[in-house]
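2 protein chains.
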Amino acid sequence: MAKQRKLNVMFRVWLFAGEEKLLGKGRVELLERIKKTGSITNAAKEMKMSYRQAWQMVEEMNERAETPLVEKRLGGKSGGGTIVTEAGENAIIEFHKLVDSVSEFINEQSKNINL
Amino acid sequence: MAKQRKLNVMFRVWLFAGEEKLLGKGRVELLERIKKTGSITNAAKEMKMSYRQAWQMVEEMNERAETPLVEKRLGGKSGGGTIVTEAGENAIIEFHKLVDSVSEFINEQSKNINL
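Chains as they are written, first to last, in the numbering used here: chain A, 2 to 116; chain B, 2 to 116.
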């Protein structure tokens, strides 16, 4: 009575700073969308979350990272806006690197599962 | 302004049969507790979930696995009860093997994260 459905392994990873969540899939997506739109408001809209929720996520990331990942640039000729810092760009890259390597490892491992 | 909090990577894995969740941490714990107590009722109690919820998880696992992971043994001299099948025991072992190998891999990888 083999049902022959393909076995798939799904996973999620989170980076914690000590006991506190620093980064996960959603937070990294938020950083990427802030980078793209230059605005927490627009990033939040794209992710269908409230501004308040997005702002809180940014605050938490900034508090928990060694240096802030997102900064407000006020006024000036360019009109200001919100930017992802160098540390933020680096966090995006490091998170994707981690996810990709885990994904590759799990794909290999899943061939050995005997179910 | 380095805060020097230790960076930790957390993860979760799930086994899917096609598009449907077959096993995760909670389901494997349920199987282990059914094995230990010989009863869905007692396993559910230990996990502070309702009988209905536990029963539904068992039903889903049985439907989605190639062969049932849990069986009811009715009456007889031994009084019957609920047992984890050989396929169920195997599922518990394979899930732990997967989690352990991913854990080891991630511990190695986390040394390379530059944040």
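A virtual CB, placed ideally from N, CA and C, is assigned to each residue, including glycine.
Distance between residue j and residue i (C-alpha atoms, nearest Å)
i        : j        : result
B/Asn115 : A/Leu116 : 37 Å
A/Asp101 : A/Arg13  : 11 Å
A/Lys46  : B/Glu21  : 30 Å
A/Glu61  : A/Gly76  : 24 Å
A/Gly25  : A/Leu99  : 11 Å
A/Thr42  : B/Glu105 : 39 Å
A/Val71  : A/Arg34  : 12 Å
A/Gly81  : A/Ser40  : 10 Å
B/Glu67  : B/Glu90  : 14 Å
A/Ser111 : A/Lys73  : 44 Å
B/His97  : A/Glu109 : 16 Å
A/Ile107 : A/Lys7   : 15 Å
A/Phe49  : A/Lys36  : According to the sequence displayed, residue 49 of chain A carries Lys and not Phe. About 17 Å.
A/Ser51  : A/Met58  : 11 Å
B/Gly19  : A/Gly27  : 24 Å
Where residue i sits in the DSSP three-state scheme
i        : result
B/Gly89  : helix
A/Ile94  : helix
A/Ile114 : coil
Beta-carbon separation (whole angstroms), residue i vs residue j, contact threshold 8 Å
i       : j       : result
B/Val10 : A/Leu16 : 6 Å
B/Tyr92 : B/Leu31 : For clarity, residue 92 of chain B is Ala in the given sequence; the question names Tyr instead. That pair is no contact at about 11 Å.
A/Ala88 : A/Pro69 : 7 Å
B/Arg65 : B/Leu23 : 5 Å
Heavy atom of the ligand ADP within 7 Å of residue i beta-carbon
i       : result
B/His97 : No copy of the ligand ADP appears in this structure; indeed no ligand is present at all.
Inset, instruction - Mind listing, in chain order, the continuous alpha helix (DSSP H) runs of no fewer than 4 residues lying wholly within the region 10-77 of chain A? - result: For the region 10-77 of chain A, whole alpha helix (DSSP H) runs of length 4 or above, ordered along the chain, are 26-38, 41-47 and 52-65.
Inset, instruction - Give, in chain order, every residue of the region 7-30 of chain B whose Cβ lies closer than 7 Å to some Cβ of chain A. - result: Residues passing the 7 Å Cβ filter: Lys7, Leu8, Asn9, Val10, Met11, Phe12, Arg13, Val14, Trp15, Leu16, Phe17, Ala18 and Gly19.
Inset, instruction - Mind checking the region 98-114 of chain B against chain A and listing, in chain order, the residues whose C-beta falls within less than 7 Å of any C-beta there? - result: Of all residues in the region 98-114 of chain B, Leu99, Ser102, Val103, Phe106, Ile107, Gln110 and Ile114 have a Cβ within less than 7 Å of some Cβ in chain A.
Inset, instruction - Check each residue of the region 29-48 of chain B: if its Cβ is closer than 9 Å to any Cβ of chain A, include it; give the result in chain order. - result: Within the region 29-48 of chain B, no residue has a Cβ that lies closer than 9 Å to any Cβ of chain A.
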